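A.B. asks: The structure under discussion is supplied below as structure tokens; questions concerning it will follow.
Numbering (the UniProt record's numbering), first residue to last: 1 to 117.
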């Protein structure tokens, strides 16, 4: 298993899981459809990068944008994808699986293995 780092509400989270194919790896935005995750461009424009939340709370405008995002998926998880610079929303397990699959793909390449084998 591979450890991967992602940011969920500005907090570093470590997770573990399995592999994706090269086509998906090379096109991170296509991964969202594959894993049932939504890219939130408008929310990204309002929130910016997660580092700002390490020392402060969201502004009322940011909090309202977050609440609107959850209207479409109340039980979803909100995360920041550093690969695309986008906030994403989806089932927490699906988000974790996507990040872990990316990490496993990279690890296989670094170890001289065929990631799709």
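Don't be surprised by glycine CBs; every beta carbon is placed ideally from N, CA and C.
Predicted, not measured: the structure shown is a model, and the values here were computed from it.
1. When you compare only the Cα positions, how much space is there between residue 101 and residue 51?
2. Assuming residue 46 and residue 65 make a contact with CB atoms under 8 Å, what is their CB distance in whole Å?
3. Which residue's Cα is closest to the Cα of residue 73: 98, 91, 95, 31?
4. Report the residue from 80, 99, 84 whose alpha carbon sits nearest the alpha carbon of residue 35.
5. Pull up the DSSP beta-bridge partners for residue 38, would you.
6. Quick one: what's residue 81 bridged to in DSSP?
7. Exposed or buried, which one is residue 68 when buried takes at least 16 other CB atoms within 10 Å?
C.D. replies: This is what the structure gives:
1. 24 Å
2. 4 Å
3. 91
4. 99
5. 89
6. 86
7. exposed
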